[in-house]
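Take a look at the structure set out below.
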Amino acid sequence: MRLLALAVLVISCAGGTPRHAEIPIAAPAAYPGVLKPPAELHPDFSVRQTLVIHAKDGEGKPVDAELDAVLQKQGDTLLVLGFGPMNTKAFTLTQKADKITFDQYAGPQLPFSPRNIVVDIHRVYFMRLPPPSDPAFTGALEGELNGEHVVETWKAGSLRSLVFTRPAEPALEGAIRVQLGDGCTLASCEPKTASLRNEWFGYSLAIESEDYEKL
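Sequential numbering from 132 applies to the sequence shown in the numbering used here.
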(Lines of atoms letter the chains of each structure in order from A and count residues from 1; the text may use other names and numbers.)
(Lines give C-alpha, C1' and ligand atoms only; values in the text may rest on other atoms or scores of the structure.)
Protein backbone atom coordinates (compact mmCIF):
# COMPACT_ATOMS: atom_id res chain seq x y z
CA MET A 1 0.00 0.00 0.00
CA ARG A 2 1.24 3.49 -0.83
CA LEU A 3 -0.08 4.57 2.54
CA LEU A 4 1.53 8.02 2.56
CA ALA A 5 -0.60 9.03 -0.39
CA LEU A 6 -3.69 8.71 1.78
CA ALA A 7 -2.54 11.68 3.84
CA VAL A 8 -3.75 14.08 1.19
CA LEU A 9 -7.03 12.35 0.38
CA VAL A 10 -10.04 14.33 1.62
CA ILE A 11 -13.02 12.29 0.52
CA SER A 12 -15.65 13.30 3.03
CA CYS A 13 -15.54 15.18 6.30
CA ALA A 14 -12.43 17.05 7.41
CA GLY A 15 -10.24 15.86 10.27
CA GLY A 16 -8.30 12.66 10.78
CA THR A 17 -9.52 9.43 12.26
CA PRO A 18 -7.86 8.40 15.56
CA ARG A 19 -5.52 5.44 15.33
CA HIS A 20 -8.03 3.51 17.42
CA ALA A 21 -11.74 4.10 16.82
CA GLU A 22 -14.95 2.29 17.70
CA ILE A 23 -18.07 3.27 15.75
CA PRO A 24 -21.62 1.90 16.19
CA ILE A 25 -22.86 0.90 12.73
CA ALA A 26 -26.13 2.79 13.33
CA ALA A 27 -24.39 6.05 14.34
CA PRO A 28 -25.20 9.16 12.24
CA ALA A 29 -22.77 9.41 9.33
CA ALA A 30 -21.94 11.82 6.52
CA TYR A 31 -21.89 8.85 4.12
CA PRO A 32 -25.29 7.14 4.42
CA GLY A 33 -25.78 3.44 3.95
CA VAL A 34 -27.43 0.75 6.07
CA LEU A 35 -24.96 -1.88 7.27
CA LYS A 36 -26.29 -5.33 8.09
CA PRO A 37 -24.53 -7.40 10.77
CA PRO A 38 -21.95 -9.70 9.14
CA ALA A 39 -23.78 -12.78 10.45
CA GLU A 40 -26.58 -11.92 7.99
CA LEU A 41 -24.19 -11.70 5.02
CA HIS A 42 -23.40 -14.73 2.88
CA PRO A 43 -21.28 -16.53 1.86
CA ASP A 44 -18.09 -16.56 3.95
CA PHE A 45 -14.94 -15.85 1.95
CA SER A 46 -11.43 -14.42 1.93
CA VAL A 47 -9.81 -12.53 -0.95
CA ARG A 48 -6.62 -10.58 -1.51
CA GLN A 49 -7.07 -7.26 -3.28
CA THR A 50 -5.31 -4.29 -4.81
CA LEU A 51 -7.35 -1.09 -4.79
CA VAL A 52 -6.55 2.09 -6.70
CA ILE A 53 -8.24 5.19 -5.31
CA HIS A 54 -8.86 8.29 -7.43
CA ALA A 55 -9.93 11.43 -5.55
CA LYS A 56 -9.19 15.14 -5.19
CA ASP A 57 -7.38 16.99 -2.46
CA GLY A 58 -8.68 20.07 -0.64
CA GLU A 59 -7.63 22.27 -3.58
CA GLY A 60 -9.41 20.14 -6.15
CA LYS A 61 -6.24 18.57 -7.55
CA PRO A 62 -6.44 14.90 -8.54
CA VAL A 63 -4.78 12.45 -6.16
CA ASP A 64 -4.23 8.71 -6.61
CA ALA A 65 -3.43 6.13 -3.96
CA GLU A 66 -2.95 2.38 -4.02
CA LEU A 67 -3.89 -0.06 -1.27
CA ASP A 68 -3.07 -3.75 -0.83
CA ALA A 69 -5.48 -5.54 1.48
CA VAL A 70 -7.13 -8.79 2.47
CA LEU A 71 -10.91 -8.78 2.80
CA GLN A 72 -12.45 -11.57 4.84
CA LYS A 73 -16.03 -12.28 5.85
CA GLN A 74 -16.45 -15.17 8.26
CA GLY A 75 -19.36 -15.78 10.61
CA ASP A 76 -20.21 -12.62 12.52
CA THR A 77 -17.05 -10.75 11.46
CA LEU A 78 -16.09 -8.68 8.42
CA LEU A 79 -12.36 -7.94 8.45
CA VAL A 80 -10.05 -5.78 6.33
CA LEU A 81 -6.28 -6.04 6.73
CA GLY A 82 -4.36 -3.20 5.07
CA PHE A 83 -0.68 -3.62 4.22
CA GLY A 84 2.20 -1.18 3.96
CA PRO A 85 5.70 -1.44 2.45
CA MET A 86 7.36 -4.86 2.68
CA ASN A 87 3.90 -6.34 3.34
CA THR A 88 3.82 -4.97 6.89
CA LYS A 89 0.43 -4.62 8.57
CA ALA A 90 -0.77 -1.01 8.36
CA PHE A 91 -4.27 -1.28 9.81
CA THR A 92 -7.14 -3.57 10.73
CA LEU A 93 -10.77 -2.68 10.20
CA THR A 94 -13.41 -4.95 11.70
CA GLN A 95 -17.19 -4.98 11.61
CA LYS A 96 -18.50 -7.33 14.28
CA ALA A 97 -22.18 -7.40 15.21
CA ASP A 98 -23.25 -3.74 15.58
CA LYS A 99 -19.81 -2.13 15.90
CA ILE A 100 -16.89 -1.12 13.66
CA THR A 101 -13.39 -1.15 15.17
CA PHE A 102 -10.39 0.49 13.47
CA ASP A 103 -6.75 0.13 14.54
CA GLN A 104 -3.91 1.79 12.63
CA TYR A 105 -0.29 0.73 13.10
CA ALA A 106 1.57 2.78 10.48
CA GLY A 107 1.19 5.80 8.23
CA PRO A 108 -0.75 9.05 8.58
CA GLN A 109 -4.23 9.35 10.02
CA LEU A 110 -7.05 8.23 7.77
CA PRO A 111 -8.67 11.49 6.55
CA PHE A 112 -12.21 10.05 6.52
CA SER A 113 -14.27 7.75 8.72
CA PRO A 114 -13.32 4.06 8.48
CA ARG A 115 -17.06 3.42 8.34
CA ASN A 116 -16.94 4.75 4.75
CA ILE A 117 -14.75 1.80 3.75
CA VAL A 118 -17.20 -0.68 5.26
CA VAL A 119 -20.14 0.95 3.46
CA ASP A 120 -18.32 0.63 0.11
CA ILE A 121 -17.55 -3.05 0.81
CA HIS A 122 -21.24 -3.68 1.48
CA ARG A 123 -22.21 -1.87 -1.74
CA VAL A 124 -19.87 -3.96 -3.88
CA TYR A 125 -20.51 -7.35 -2.28
CA PHE A 126 -23.72 -7.39 -0.26
CA MET A 127 -26.28 -4.62 -0.93
CA ARG A 128 -28.75 -6.30 -3.26
CA LEU A 129 -32.37 -6.25 -4.35
CA PRO A 130 -34.35 -9.52 -4.11
CA PRO A 131 -32.70 -11.83 -6.66
CA PRO A 132 -34.29 -12.75 -10.00
CA SER A 133 -36.06 -16.11 -10.14
CA ASP A 134 -34.44 -17.02 -13.47
CA PRO A 135 -30.82 -18.21 -12.93
CA ALA A 136 -29.98 -17.03 -16.46
CA PHE A 137 -31.74 -13.67 -16.12
CA THR A 138 -30.77 -10.85 -18.48
CA GLY A 139 -32.17 -7.38 -17.94
CA ALA A 140 -32.63 -4.70 -15.29
CA LEU A 141 -34.11 -4.90 -11.80
CA GLU A 142 -35.26 -1.73 -10.05
CA GLY A 143 -36.45 -1.16 -6.51
CA GLU A 144 -36.01 0.48 -3.11
CA LEU A 145 -33.44 -0.65 -0.58
CA ASN A 146 -33.03 1.00 2.83
CA GLY A 147 -34.03 4.44 1.64
CA GLU A 148 -32.12 4.23 -1.64
CA HIS A 149 -33.31 3.67 -5.19
CA VAL A 150 -31.36 0.82 -6.75
CA VAL A 151 -31.03 -0.32 -10.37
CA GLU A 152 -29.27 -3.61 -11.06
CA THR A 153 -28.19 -4.80 -14.50
CA TRP A 154 -27.89 -8.55 -15.07
CA LYS A 155 -26.52 -10.51 -18.04
CA ALA A 156 -27.00 -14.27 -18.39
CA GLY A 157 -27.35 -14.73 -14.62
CA SER A 158 -24.41 -12.49 -13.72
CA LEU A 159 -24.80 -9.17 -11.92
CA ARG A 160 -22.80 -6.57 -13.85
CA SER A 161 -23.71 -3.20 -12.35
CA LEU A 162 -25.59 -1.40 -9.58
CA VAL A 163 -26.65 2.24 -9.33
CA PHE A 164 -27.62 3.71 -5.93
CA THR A 165 -29.40 7.07 -5.61
CA ARG A 166 -31.15 8.90 -2.76
CA PRO A 167 -33.89 11.00 -4.46
CA ALA A 168 -35.21 12.25 -1.10
CA GLU A 169 -31.86 13.90 -0.27
CA PRO A 170 -31.12 16.71 -2.76
CA ALA A 171 -27.72 17.34 -1.14
CA LEU A 172 -26.54 13.95 -2.44
CA GLU A 173 -26.50 14.69 -6.15
CA GLY A 174 -25.72 11.99 -8.67
CA ALA A 175 -25.28 8.33 -7.83
CA ILE A 176 -22.97 5.64 -6.59
CA ARG A 177 -22.16 3.38 -9.52
CA VAL A 178 -20.72 -0.11 -9.10
CA GLN A 179 -19.38 -2.13 -12.02
CA LEU A 180 -18.63 -5.84 -11.57
CA GLY A 181 -16.47 -8.14 -13.65
CA ASP A 182 -17.22 -11.81 -14.27
CA GLY A 183 -18.07 -13.89 -11.24
CA CYS A 184 -20.96 -12.21 -9.41
CA THR A 185 -23.88 -14.64 -9.62
CA LEU A 186 -26.91 -15.66 -7.58
CA ALA A 187 -24.74 -18.07 -5.58
CA SER A 188 -21.85 -15.76 -4.66
CA CYS A 189 -20.10 -12.56 -5.68
CA GLU A 190 -16.49 -13.33 -6.67
CA PRO A 191 -15.60 -10.70 -9.31
CA LYS A 192 -11.95 -10.55 -10.34
CA THR A 193 -12.43 -6.86 -11.02
CA ALA A 194 -14.84 -4.28 -9.66
CA SER A 195 -15.14 -0.52 -9.54
CA LEU A 196 -17.12 1.97 -7.50
CA ARG A 197 -17.66 5.61 -8.45
CA ASN A 198 -19.06 7.79 -5.68
CA GLU A 199 -20.51 10.94 -7.25
CA TRP A 200 -21.76 12.13 -3.87
CA PHE A 201 -18.22 12.65 -2.55
CA GLY A 202 -16.17 12.70 -5.74
CA TYR A 203 -13.97 9.62 -5.61
CA SER A 204 -13.66 6.24 -7.30
CA LEU A 205 -12.18 2.84 -6.52
CA ALA A 206 -10.79 0.22 -8.90
CA ILE A 207 -10.45 -3.25 -7.35
CA GLU A 208 -8.47 -6.25 -8.58
CA SER A 209 -8.93 -9.49 -6.64
CA GLU A 210 -7.01 -12.76 -6.50
CA ASP A 211 -6.82 -15.86 -4.34
CA TYR A 212 -10.56 -15.87 -3.60
CA GLU A 213 -11.27 -18.62 -1.08
CA LYS A 214 -14.61 -19.82 0.28
CA LEU A 215 -14.48 -20.38 4.03
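For every residue, glycine included, the Cβ atom is placed at its ideal position computed from N, Cα and C.
Task: Stretch pair the stretch 170-180 + the stretch 201-220: three plus CB contacts closer than 8 Å - done: Yes, the stretch 170-180 touches the stretch 201-220.
Task: Burial state of residue 236, where buried means 16 or more other Cβ atoms lie within 10 Å - done: Walking along the sequence shown from the start, residue 236 turns up at place 105. Residue 236 should be labelled exposed.
TODO: Could you tell me if residue 304 is buried or exposed, where buried requires 16 or more neighbouring beta carbons within 10 angstroms of its beta carbon?
DONE: For the purposes of this step, residue 304 is taken as residue 173 along the sequence shown, with counting starting at 1. Exposed is the call here.
Open item on the list: Give me, in chain order, the residues of the same chain whose beta-carbon lies closer than 6 Å to that of residue 272; leave out the 5 immediate sequence neighbours on both sides.
Closed with: To locate residue 272, count along the sequence shown from 1; it is residue 141. Non-local C-beta neighbours of residue 272 in its own chain, meaning closer than 6 Å and more than five positions away in sequence, comprise 260 and 283, ordered along the chain.
Task: Secondary structure of residue 170, DSSP reduced to three states - done: Counting from one through the sequence shown, the residue named residue 170 turns up at place 39. It is helical.
Task: Endpoints, beta strand (DSSP E) assigned at residue 199 - done: Numbered from 1 along the sequence shown, position 68 holds the residue referred to as residue 199. Per DSSP, residue 199 belongs to the beta strand (DSSP E) from 193-205.
Open item on the list: If I follow the unbroken beta strand (DSSP E) through residue 165, where does it start and stop?
Closed with: Your numbering for residue 165 matches position 34 in the sequence shown. Run containing residue 165: none; DSSP gives neither H nor E here.
TODO: Output yes or no for whether 8 Å exceeds the beta carbon distance between residue 154 and residue 166.
DONE: As a working note, residue 154 is residue 23 in the sequence shown. As a working note, residue 166 is residue 35 in the sequence shown. Between residue 154 and residue 166, the CB-CB gap reaches or exceeds 8 Å.
- [ ] From the DSSP output, in three-state form, read off residue 234 for me.
- [x] On the sequence shown, position 103 is the one that residue 234 refers to. Of the three classes helix, strand and coil, the one that applies to residue 234 here is strand, per DSSP.
TODO: Please state if the CB of residue 233 and the CB of residue 161 are separated by a distance shorter than 8 Å.
DONE: Taking the first residue of the sequence shown as 1, we reach residue 161 at position 30. Taking the first residue of the sequence shown as 1, we reach residue 233 at position 102. Their beta carbons are not under 8 Å apart, which means residue 161 does not touch residue 233 by this criterion.
Open item on the list: Can you find the residues in the same chain that come closer than 6 Å, C-beta to C-beta, to residue 329, ignoring five residues on each side of it along the sequence?
Closed with: Here residue 329 refers to the residue found at position 198 when the sequence shown is read from its first residue. Once the five neighbours on either side are set aside, the close Cβ partners of residue 329 are 307.
Open item on the list: Quick check on the burial criterion: 16 or more other C-beta atoms within 10 angstroms. Buried or exposed for residue 242?
Closed with: Along the sequence shown, one-based indexing puts residue 242 at 111. Buried is the call here.
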